[in-house]
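To get our numbering, take the position in the sequence shown, counting from 1, and add 182. Comments concern the structure below.
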Amino acid sequence: MTEDDPGDCVHDLFAHTMLGDTPLGRPVLGTVDTINALNRGQIARFYKKHYDPTHLVVAAAGNVDHATVVRQVRRAFERAGALSRTDAVPMAPREGSRTLRTAGKVELLN
């Protein structure tokens with residue numbers, strides 16, 4: 183569980199503090215309740231719906247030519263039919279400072 187790992191716990195708390203109740207602010211692994219509520223059919227439907235080229239993010243770092251990478255990725259996405267959807271909604275940055283303190287018992291410590 184993430185509660186046993188201080189780094190994971192801090193990440194979850196930080197994400198929720200900064201991003202609130204949005205998909206990016208929720209625990210990556212889900213909660214105990216959400217995981218226990220899943221069945222095989224739900225997982226299969228989720229995989230089919232979300233794991234396709236229309237939900238892929240490409241990142242490139244290092245000594246790469248931006249225009250070349252964009253051209254290659256666009257070509258690959260066009261062949262996969264992934265450029266037909268434009269439902270991505272950028273999230274507005276949140277301003278101001280936030281402080282969150284928490285305490286608890288942990289089993290792992292670095």
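We put the beta carbon where it would ideally sit given N, CA and C, even for glycine. A quick note: this is a predicted structure, and the numbers were derived from the prediction, not measured.
- Task: For the alpha helix (DSSP H) containing Tyr229, list its first residue and its last residue.
- Result: Against the sequence shown, residue 229 aligns to sequence position 47. Counting along the chain, the alpha helix (DSSP H) containing Tyr229 begins and ends at Arg222 to His232.
Practice item. Give a yes or no on whether the C-beta atoms belonging to Thr199 and Arg280 are separated by under 8 Å. Key: Indexing the sequence shown from 1 puts residue 199 at position 17. Indexing the sequence shown from 1 puts residue 280 at position 98. The answer is yes: Cβ separation under 8 Å.
### Query
In three-state DSSP terms, what is Leu195?
Residue numbering aside, residue 195 sits at position 13 when the sequence shown is read from its first letter. In the structure shown, Leu195 adopts helical secondary structure according to DSSP, grouped into three states.
- Task: Measure the CB-CB distance between Val251 and Pro188 and report whether it falls below 8 Å.
- Result: As a first step, residue 251 is located in the sequence shown; it is residue number 69 there, counting from the start. As a first step, residue 188 is located in the sequence shown; it is residue number 6 there, counting from the start. No, these two residues do not count as a Cβ contact at 8 Å.
Discussion item. Spatial neighbours of Val255 within its chain, please: C-beta separation below 6 Å, excluding the five flanking residues on both sides.
Written reply: Counting from 1 along the sequence shown, the entry for residue 255 is found at position 73. In chain order, Val240 place their CB closer than 6 Å to the CB of Val255, counting only its own chain and leaving out the 5 sequence neighbours on each side.
- Message: In whole angstroms, give me the CA-to-CA distance for Thr192 and Arg283.
- Response: Residue numbering aside, residue 192 sits at position 10 when the sequence shown is read from its first letter. Residue numbering aside, residue 283 sits at position 101 when the sequence shown is read from its first letter. As written in the sequence, residue 192 is Val, which differs from the Thr given in the question. Near 10 Å, if we compare the C-alpha coordinates of Arg283 and Val192.
Q. Secondary structure at Thr216, three-state DSSP: helix, strand or coil?
A. Walking along the sequence shown from the start, residue 216 turns up at place 34. Here Thr216 sits in helix by DSSP.
Q | Beta-carbon gap between Ala219 and Gly207 smaller than 8 Å | A | Locating residue 219 in the sequence shown gives position 37, where the first residue counts as 1. Locating residue 207 in the sequence shown gives position 25, where the first residue counts as 1. No.
- Task: Check Asp190 in the structure and name its three-state DSSP category.
- Result: Indexing the sequence shown from 1 puts residue 190 at position 8. DSSP, read as helix, strand or coil, puts Asp190 in helix.
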